[in-house]
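Take a look at the structure set out below.
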Amino acid sequence: MENRNANQPVDEKNNNTEEVPPSAENLIETVEEADTFEDEPDKKQERHSLKESGFRFFTLPVILILLVALRFIFDADKFLADLSRLFSIISFLVWGFAIAFFIDPLVTLFMKTLFKKMKKGKRGLAMLLAYLVFFGIITFLSVYILPVIGENIIDIASKVPSYWNDIQNWWSRIENSLTDDGMINHFLLSVGDRIGLLLSDYFNSSEFNRQLKDLGTGILNTALGATQFLIDFLLALVMSIYMLADKENMIRGIKRIVYAVFKKETADKAVFATKKTNEIFKKFFLGKGLASIIVGIVAFIFASLTKLPVPILQAAILGITNMVPTIGPVIGAVPCLLLTLLYSPVQALWLLIFILVVQQIDGMYLSPKILGDSLGLKPLFVIVGVLIGGSIAGILGALLGTPTLAVISYFLNRYTEKRLKEKQLNI
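Numbering of the sequence shown is given in numbering that gives the first Met the number 0, commencing with residue 0 and proceeding in unit increments.
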């Protein structure tokens with residue numbers, strides 16, 4: 000009995016504890032828990048709708064790409080014609096992006112150096128200075144370089160008949176120097192006669208006269224095209240200014256859309272791929288551009304010192320064609336050597352030696368020093384990229400072929416390394 004009475008208060012205490020009404024905190028937790036359970040179907044439905052919208056957003060570009068690929072495969076000529084027409088319509092946008100692409104590194108450089116300590120307005124001042132440099136280069140080329148190149152081309156065209164006479168006289172000297180009647184002499188004379196006959200017939204033919212008339216028409220069309228180019232250039236310039244001024248907001252807006260539509264992992268990969276592609280293209284064009292300017296300046300100094308004909312034109316040809324990797328220097332060397340050969344075979348030989356030396360220095364030291372390992376392509380793949388790009392889009396394609404192939408090669412190697420690592424293979 001005593002034990003029972005002793006335990007009774009404890010039981011009463013326990014009973015009292017169980018009957019205590021829930022506190023305010025418990026009520027809040029219960030309500031929040033109930034709201035959570037009620038919201039779960041809505042959240043699941045929202046996630047499901049996001050997945051569906053992301054799927055639709057992803058499949059639409061894939062379908063468009065497949066349609067474009069099929070159009071290109073089955074009717075390539077019409078596809079390229081339509082693409083050219085579309086480019087002519089939006090050319091000012093494309094050129095505006097190109098101008099902004101090349102001026103942006105200069106803006107970034109000025110912001111990080113000259114205007115580094117400024118807190119406000121440094122982008123505007125950097126843009127102003129960058130565009131002043133850009134216009135300075137354009138003015139220098141327009142006033143001092145392009146007129147001289149134009150005069151050189153007109154001078155060469157007017158001297159074509161005299162060049163042909165020089166070639167005939169040069170070949171006559173070779174014929175006179177061959178006094179023996181051997182097979183080599185007979186072969187050379189017959190080849191020389193055939194070449195001379197073919198060229199003489201060509202210059203005296205109606206086809207040559209027609210081509211001269213077409214040249215005059217082409218000059219008129221070029222003048223009209225130059226007017227249209229000036230209009231497109233001004234529009235492109237305005238577009239580039241807007242692009243650079245609002246660069247951060249544009250990038251942020253695009254990233255917001257990408258992260259809103261796709262999963263974070265997919266969006267991260269897309270952003271990384273975009274940054275890497277931009278890095279490769281920027282390094283290629285800026286690096287090759289700087290190397291080509293150096294090659295052009297050195298070529299001009301050499302041509303001036305050795306009294307080569309039309310030194311500015313030859314330097315411009317060698318510098319511009321140097322932008323195309325591997326094949327470009329060969330393409331630029333051919334017209335320069337032929338032109339110099341008309342004046343002096345000895346000077347042509349010295350020019351050939353100079354081109355070989357400069358290209359060795361450019362290929363082994365200058366370009367690797369500037370470009371680094373941004374391309375990571377073997378010479379064979381560089382040639383393939385240039386040929387494929389050139390066959391599709393001409394000179395522009397030849398320029399874009401190598402960095403495009405470098406981007407594809409980078410991500411293909413990255414994927415290959417990842418798969419080999421997953422399979423624990425060391426190849």
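Even glycine gets a Cβ: it sits at the ideal position worked out from N, Cα and C.
Length of the line joining the Cα atoms of residue i and residue j
{"i": "Pro334", "j": "Phe299", "result": "15 Å"}
{"i": "Ala290", "j": "Phe133", "result": "18 Å"}
{"i": "Tyr143", "j": "Lys417", "result": "53 Å"}
{"i": "Leu304", "j": "Val356", "result": "17 Å"}
{"i": "Val297", "j": "Lys420", "result": "48 Å"}
{"i": "Leu140", "j": "Val383", "result": "33 Å"}
{"i": "Val309", "j": "Val147", "result": "9 Å"}
{"i": "Lys377", "j": "Gly286", "result": "17 Å"}
{"i": "Ile330", "j": "Leu404", "result": "21 Å"}
{"i": "Ala302", "j": "Leu350", "result": "8 Å"}
{"i": "Ile153", "j": "Ser390", "result": "30 Å"}
{"i": "Tyr258", "j": "Phe100", "result": "24 Å"}
{"i": "Thr415", "j": "Pro402", "result": "20 Å"}
{"i": "Leu317", "j": "Gly388", "result": "21 Å"}
{"i": "Arg84", "j": "Ile279", "result": "29 Å"}
{"i": "Lys121", "j": "Arg251", "result": "20 Å"}
{"i": "Phe283", "j": "Thr226", "result": "31 Å"}
{"i": "Ile292", "j": "Ile394", "result": "18 Å"}
{"i": "Lys263", "j": "Ile256", "result": "12 Å"}
{"i": "Asn164", "j": "Leu341", "result": "10 Å"}
{"i": "Lys422", "j": "Asp361", "result": "41 Å"}
{"i": "Pro344", "j": "Leu145", "result": "28 Å"}
{"i": "Gly135", "j": "Phe228", "result": "19 Å"}
{"i": "Leu348", "j": "Met117", "result": "56 Å"}
{"i": "Pro160", "j": "Met363", "result": "41 Å"}
{"i": "Leu424", "j": "Arg413", "result": "15 Å"}
{"i": "Leu92", "j": "Leu233", "result": "11 Å"}
{"i": "Leu131", "j": "Met249", "result": "24 Å"}
{"i": "Glu247", "j": "Ile155", "result": "50 Å"}
{"i": "Ile88", "j": "Lys274", "result": "28 Å"}
{"i": "Asn168", "j": "Gly149", "result": "29 Å"}
Beta-carbon separation (whole angstroms), residue i vs residue j, contact threshold 8 Å
{"i": "Phe410", "j": "Ala272", "result": "7 Å"}
{"i": "Trp94", "j": "Ala235", "result": "4 Å"}
{"i": "Gly295", "j": "Met322", "result": "About 10 Å separates the two Cβ atoms, so there is no contact after all."}
{"i": "Thr276", "j": "Val381", "result": "At roughly 18 Å, the Cβ-Cβ gap does not stay under 8 Å, so Thr276 and Val381 are not in contact."}
{"i": "Leu312", "j": "Asn151", "result": "4 Å"}
{"i": "Gln358", "j": "Pro328", "result": "5 Å"}
{"i": "Ile102", "j": "Ser239", "result": "7 Å"}
{"i": "Val385", "j": "Pro324", "result": "7 Å"}
{"i": "Val270", "j": "Lys254", "result": "6 Å"}
{"i": "Pro104", "j": "Lys281", "result": "7 Å"}
Sequence-distant residues of its chain with Cβ nearer than 7 Å to residue i (five each side left out)
{"i": "Gln346", "result": "Thr305, Leu307, Thr339"}
{"i": "Phe109", "result": "Ala125, Leu128, Ala129"}
{"i": "Ala397", "result": "Val323, Val385, Gly388, Gly389"}
{"i": "Gly400", "result": "Gly384, Val385, Ile387, Gly388, Gly389"}
{"i": "Phe114", "result": "Lys121, Leu124, Ala125"}
{"i": "Ile426", "result": "Leu419"}
{"i": "Ile352", "result": "none"}
{"i": "Lys119", "result": "none"}
Residues of its chain near residue i, where Cβ-Cβ distance is below 6 Å and the 5 sequence neighbours each way are ignored
{"i": "Ser90", "result": "Asp231"}
{"i": "Ala332", "result": "Ile354"}
{"i": "Met242", "result": "Ala99"}
{"i": "Thr320", "result": "Gly327, Ile330, Gly331"}
{"i": "Ser456", "result": "The structure shown does not extend to residue 456, since the chain is modelled only from 0 to 426, so the question has no answer here."}
{"i": "Leu492", "result": "Residue numbering for the chain in the displayed model covers 0 to 426; residue 492 lies beyond these limits and cannot be assessed."}
{"i": "Thr112", "result": "none"}
Neighbourhood of residue i by C-beta, 8 Å cutoff - its chain only, sequence neighbours within 5 removed
{"i": "Ile27", "result": "Residue placement at Ile27 is flagged as unreliable, the pLDDT there being 44, under the threshold of 50; the coordinate-derived value follows with that caveat. Closer than 8 Å at Cβ, skipping near neighbours: no residue."}
{"i": "Val106", "result": "Arg122, Ala125, Met126, Ala129, Leu243"}
{"i": "Phe96", "result": "Met238, Ser239, Met242"}
{"i": "Ala314", "result": "Gly295, Ile296, Ala298, Phe299, Ala302"}
Cβ-heavy atom distance, residue i to the ligand MN, below 6 Å
{"i": "Lys268", "result": "Because no ligand of any kind appears in the structure shown, any question about the ligand MN cannot be addressed here."}
Note down, one range per segment and in chain order, each alpha helix (DSSP H) of at least 4 residues found wholly within the stretch 273-348. Counting only runs of 4 or more, we get 310-320, 327-342.
Quick one: complete alpha helix (DSSP H) runs, 4+ long, within the stretch 89-156? Fully enclosed alpha helix (DSSP H) runs of 4 or longer: 90-111, 121-139.
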